[in-house]
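Participant: Residue numbers (the numbering used here), protein chains in the order written: chain A, 1 to 146; chain B, 1001 to 1319; chain C, 2001 to 2279; chain D, 3001 to 3340.
Think of the CB as a built atom: it goes at the ideal place given N, C-alpha and C, for glycine as much as any other residue.
In this text the structure is predicted, and so the values were computed from the model without any measurement.
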Amino acid sequence: MDSSHDGWEPRIIAFLCNWCSYAGADLAGVGRLQYPASIRIIRVPCSGRISPFFILSAFRKGADGVLVSGCHPGDCHYISGNYSARRKFALLKGLLEHVGLEEGRVHFTWISASEGGKFADVIGRVTETVRGLGPANQLVGKQWRA
Amino acid sequence: MNPTDCSNRIAEEAGRLLTEGTVDVVIGFEKGSLPMRSTPCFVRTPQDSGKLVWNSFCSSNLSRYLKQFPGKVGIVAKGCDTRALVELIKEKQVNRESLVVIGVPCRGMIDGAGVLERCDGKRVSDVEERDDELVITGDSFRITLARGDFLHPACRVCFTGNPVLFDVLIGEKVQEQARDCYHDVSDFESRSPGDRWAYIMSEMDRCIRCYACRNACPLCYCGECFADATRPQWVGRGATGTDTLAFHVMRSMHLAGRCVECGACRAACPTKVDIRTLNRKISSDIARLFDYRPGLRIDQPAPLSSFKPDDSEEFILER
Amino acid sequence: MTNPYMPVPMRVEKSAVETADGSIRTLTLSFARGEDGKAFSFLPGQFAELSLLGTGEAPFGIASSPEDSNLLDFTVSRVGLVTTELHNLKPGDTVGMRGSFGNGYPLEHLREKSILIVGGGFGFSTLRSFTGYALNPDIRRLYKDITVVYGARNPGLLLYRADLLEWEKRTDLRLEVTVDEADGEWTGRTGVVPAVVAGLDIDPRTTIALVCGPPGMIRFTLPALSELGLSPARVYLSLEMKMKCGIGKCGRCNIGGAYVCTDGPVFSLAELNKLPQEY
Amino acid sequence: MYYKTIKKNEVGRFLDGLLAEYTVVAPVRKNGVVGFDAIQSGEEAILDFSNTTASPKGVLMPQLETLLSARAGEEEAVEHTGMRKPVVLFGARPCDARAFMFLDRVFNDGIARDVYYGNRRDALLIVSLGCTRTRDTCFCTTTGGGPLSTQGSDAMLVEQGDGYTVHVITAGGAELMNSRGLSDAHEGVGEEIRKLALQITAEIDPPVDLSELKTSLDNSFDTAAWQTLTEKCLSCGVCTYLCPTCHCFDIADEDNIGVKVRNRIWDSCQFPGFTMQASGFNPRPTYRERHRQRIMHKFSYCDDNHHMTGCVGCGRCVLECPVNLDIRRVLGSFRGRNGG
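1. Tell whether a beta-carbon distance below 8 Å holds between Y78 of chain A and C46 of chain A.
2. Anything in chain B within Cβ reach of A3252 of chain D, meaning under 9 Å, just list it in chain order.
3. From I3204 of chain D to T3134 of chain D, what does the alpha carbon distance come to, in whole angstroms?
4. In the region 109-122 of chain A, which residues sit with their C-beta less than 8 Å from some C-beta in chain B, listed in chain order?
5. So is G29 of chain A in contact with chain D if we call contact Cβ pairs under 8 Å?
6. Relative to the alpha-carbon of I3295 of chain D, which residue among D:V3168, D:N3282 and D:L3210 has its alpha-carbon at the smallest distance?
7. Using a beta-carbon distance cut-off of less than 8 Å, what residues from the region 1027-1040 of chain B approach chain A?
8. Grouping DSSP H, G and I as helix and E and B as strand, with all else coil, what is H1152 of chain B?
9. Residue range of the alpha helix (DSSP H) that I2139 of chain C falls in?
10. Counting only beta-carbon separations shorter than 8 Å, does S1060 of chain B have a partner in chain D?
11. Please give me, in chain order, every unbroken run of the alpha helix (DSSP H) with length at least 4 that falls completely inside the region 1174-1237 of chain B.
12. Exposed or buried, which one is M2010 of chain C when buried takes at least 16 other CB atoms within 10 Å?
13. Quick one: which residues of the region 3227-3238 of chain D get their C-beta closer than 7 Å to a C-beta of chain B? List them in chain order.
14. Check the Cβ of A1051 of chain B against every Cβ in chain D and list those closer than 7 Å, keeping chain order.
15. Let me know the secondary structure DSSP gives R145 of chain A once reduced to three states.
16. Express the C-alpha separation of V2211 of chain C and S2065 of chain C in angstroms, rounding to a whole number.
17. So for T3228 of chain D, helix, strand or coil by DSSP?
18. What are the residues in the region 74-87 of chain A lying within 8 Å of chain B by C-beta distance?
19. For C2253 of chain C, tell me which candidate among D:F3274, D:V3158 and D:L3217 has the shortest Cα-Cα distance.
20. Just verifying my parser: in three-state terms, what is the DSSP assignment at A3171 of chain D?
21. Can you check whether the CB of L33 of chain A is closer than 8 Å to the CB of G116 of chain A?
22. Between C:P2223, C:L2200, C:F2031 and C:S2114, which lies nearest to Y2143 of chain C when the distance is taken from Cα to Cα?
23. For G3053 of chain D, count neighbouring Cβ atoms within 10 angstroms of its own Cβ and tell me buried if that reaches 16, exposed if not.
24. Measure the CB-CB distance between L3213 of chain D and F3139 of chain D and report whether it falls below 8 Å.
25. Residues bridged to Y3002 of chain D by DSSP?
26. Can you tell me the Cα-Cα spacing of D3154 of chain D and H3167 of chain D, whole angstroms?
27. Along the region 3183-3216 of chain D, what residues have a CB closer than 7 Å to any CB found in chain F?
28. Identify whether H2087 of chain C lies in helix, strand or coil by the three-state DSSP scheme.
29. Please say whether S3268 of chain D and C3248 of chain D have beta carbons closer to each other than 8 Å?
30. Measuring alpha carbon to alpha carbon, tell me which of C:G2248, C:C2261 and C:A2233 ends up nearest N2273 of chain C.
31. Between which residues of its own chain and K1281 of chain B is the CB-CB distance below 6 Å, once the five residues before and five after are set aside?
32. Taking just the CA atoms, how far does W1197 of chain B sit from L101 of chain A?
33. May I ask you to verify whether the region 2080-2093 of chain C touches the region 2051-2065 of chain C, counting CB pairs closer than 8 Å and requiring at least 3?
34. Could you tell me whether the Cβ atoms of G2248 of chain C and G3110 of chain D are closer together than 8 Å?
35. Classify S1190 of chain B as buried or exposed, calling it buried when 16 or more other Cβ atoms lie within 10 Å of its own Cβ.
36. Beta-carbon separation of L1034 of chain B and V1026 of chain B under 8 Å?
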């Protein structure tokens, strides 16, 4: 699998928490920071709202990568949303890699409302990682049988 | 305590509870219709308590039935059954006061299918348990087998054979094994991702989506399971590899910090799919990251409904 | 070999809200392909499966009369995935249809009889089909007098208002519409359907009842009908069961050995009394 | 009807021969579990097993089968009813072969013929493997079958010495067995097999009169015994999904990545959702009603609708039920009961 995939654009679903990471993305946009157009942002109230269903469902519907980003622990608008999310994601990421999902398909990070630069940088790095892996085919829904 | 004495003591205890009216029903095991099988039973009269038995083939987790009996219930429970009980009580599904737990120390349950295979299909008429041996007699053959070779996988790593919660204890406590350090998980993780994926998918390929694992699990008590929901439909309902894996991954996530590793799921699975590797991966992470073992203490908060400011961030994309 | 699971394409001609809360709509469909229309026929009381590939399929009673042109009415109550999508259909959209399925009302038994039609809420759809069919001039003379008792929980939930108004004016049909609870401008009768039925005086020897409605209404209507002297063989019920295939294969809609999709959905009370009470 | 023979060590090569023209589905052992699967070469097939865990019904009724599909924007749906490449089911036990006779009645009779099942069935030949040993869970003789019953088979192998006698039964069987280098069986082999059948049948519990059972079941629908008999049932799908005659299915649609599909998947009368209505009413809300439905459907309703009991006595549900709810005990408690 050559890693260049000649200009293939990965499709990455980004779940961004409304109070920090989404604002960080907004800041990156306002600041005209350049980052790949590979992400589709889904705004959620808090990273604590992300259920493993969302991540598996994204892969099933053809996503090549999933990024989940919330407020830094301690900054959560709902006090403990990201704390409980942190435990859940730690287990989920471990489990997905345990079953053999390619490293680099699922990413979790904390981006605050003031970190526009970090947002653009993260999106760039995640896109490169996923592009290196090529189209995802492990968890995609295989619909019909001959 | 050998099975016969154990059975008699349990029958006496149940008879007493029913005669006194302390409980309306005692959930236990009676002799199955096949060799090496004990089957759940629900005793409501003192006269019936005689049919209660205890042996090395009582692998079902009887806590699964508690929600079927609202009144005052007696339950015959081995170590892992009581750990499931602790979680059910912690999650307010079962009320401790309405329970009388007849605790039975357990040296591990035996997978009869493995023994039958060793008798290569010949019919078995009687199985006698003697300390660490099984004496199997059938038509024109008689063999003695080492008990330890036929334990259910979950029982091989069990460190809570003694009930963690009981009102009455039947017989003496057993010698516990060392606390489980999940070597099987670390061994599995030393293999390459591609190798792990191939193994998991070949296991999932045998799953026929019969949901015996879910329905045998004492902690899977949702009214409508996500696997049956259509609005939204999170998981495909066909037994195609990816949808089957998604179902088992999601069920394991729902059992995170709750699964007491009684092995009832694998024991119930007709095609013996290795779904335990998923639950054990999560249990090993929970033990390592949050220093928590499910089903040991009622007062210990569940890991996913609590947190610490300095929880691990090993999985976070580095700065 | 024809594929019983392959729907024929239908075009949505009209989608009209029936109830005040918008929870029930009637779709009027026409055949997208002429030859399907010619090949299709149905009896009042039969049903069809409406299909939206990718979303699902569900059974609906055919609410229009076989005599009205080639248009088919389906009354859809929004309760789930498929029904919500059906409610979103606009005129000109296409929807799949399989059928017609089921046995329909026992037209032969009804000849020269008086007919008592008792319907409740959403269950009235196939009874509307029968009433429309029976009011056709050359068919109406086959029957003696026709009484329609139709009720709903409240006036906002009454279906087929236009038909009710038209039937009101007819002399060859007695219409009794009632609501469990009245509201502001309701001037009609108030009271539950079983009570209205109990108040009727009919000749039990020459009357046959056709009943369809929610379980609650049926539980109290049946005793009322027997008080009027109607034997179980003279009472017909159209039942609702969860269905998938509509052709007696998928094994889920049985009452005892009878499949509601093929042996029903219309059963006489005499037949039902012989079957296990599991519906 | 005639007999040929084949040595045990020639079976692998014989199957390779079939693989040239047919898809061959045979018993294989994977991770310790014996099941049916399409084989790539002859020696993958195993013939030393009692019976597979799951039945071979997946050959005609896959757990998931796409009925219709349409790409986004396409009006016309594609019907996945294409003619099937011929398939040989090799090594099925006589009870499983007989089960296909029952499934044929369900899917071919009635108001419509199931074209998906029909096309697969027309392309299927069944070579069964007669039972020379039985398990204590077998009760095929009660349901009209037998360890060497030829019902439903096109040909049947019967183990004799270091080879198998090949009992060619139908024209389809002949097509399979002729011109494949199999030598004819010795004289009188038919009589030997009949005697062998009697000897093996003696191992199985004596048959039960099913018509008398049907009558008492029909009279016992409302008895309280159903509650106590089914109380331990987990409502899982093991008994129905492993069963060779259970045929209930669900139709589930999906719209994923621009492709709309209508799939037929297995369903079980033991699942609550099987009869759950959109209104929330469920005629069979608990394990009691659902387990009773399975028993009544197989041992009463199927006789009414298909004139054949809906069970072939393979014993899989007895062996694999996670809580050892034994259908023979349930049936036994209704024999000789006049209801009430």
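Facilitator: Here's the rundown:
1. yes
2. T1230, Q1233, G1236, R1237 and G1238
3. 7 Å
4. T109, W110 and V122
5. No, no contact with chain D.
6. D:L3210
7. none
8. coil
9. P2137 to R2140
10. For S1060 of chain B, at least one C-beta of chain D is nearer than 8 Å to its own C-beta.
11. 1183-1189, 1193-1205 and 1212-1216
12. buried
13. E3231, K3232, L3234, S3235, C3236, G3237 and V3238
14. Looking at the sequence itself, residue 1051 of chain B is Lys, so the reference to Ala does not match. Per Cβ cutoff of 7 Å: no residues; K1051 of chain B is ~13 Å from chain D at best.
15. Unreliable placement is indicated for R145 of chain A, whose pLDDT of 36 sits below 50; the coordinate value is still reported in the next sentence. The answer is coil: DSSP assigns R145 of chain A none of H, G, I, E or B.
16. 17 Å
17. helix
18. G74, S80, Y83, S84, R86 and R87
19. D:F3274
20. helix
21. yes
22. C:S2114
23. For the record, residue 3053 of chain D in the displayed sequence is Thr; it is not Gly. The Cβ neighbour count for T3053 of chain D, taken over all protein chains shown within 10 Å, is at least 16; the residue is labelled buried.
24. no
25. D:V3168
26. D3154 of chain D and H3167 of chain D have their C-alpha atoms roughly 9 Å apart.
27. Checking the listed chains, one finds no chain F in this structure; the protein chains it contains are A, B, C and D.
28. helix
29. yes
30. For the residues C:G2248, C:C2261 and C:A2233, the minimum Cα distance to N2273 of chain C belongs to C:A2233.
31. V1185
32. 7 Å
33. yes
34. yes
35. exposed
36. no
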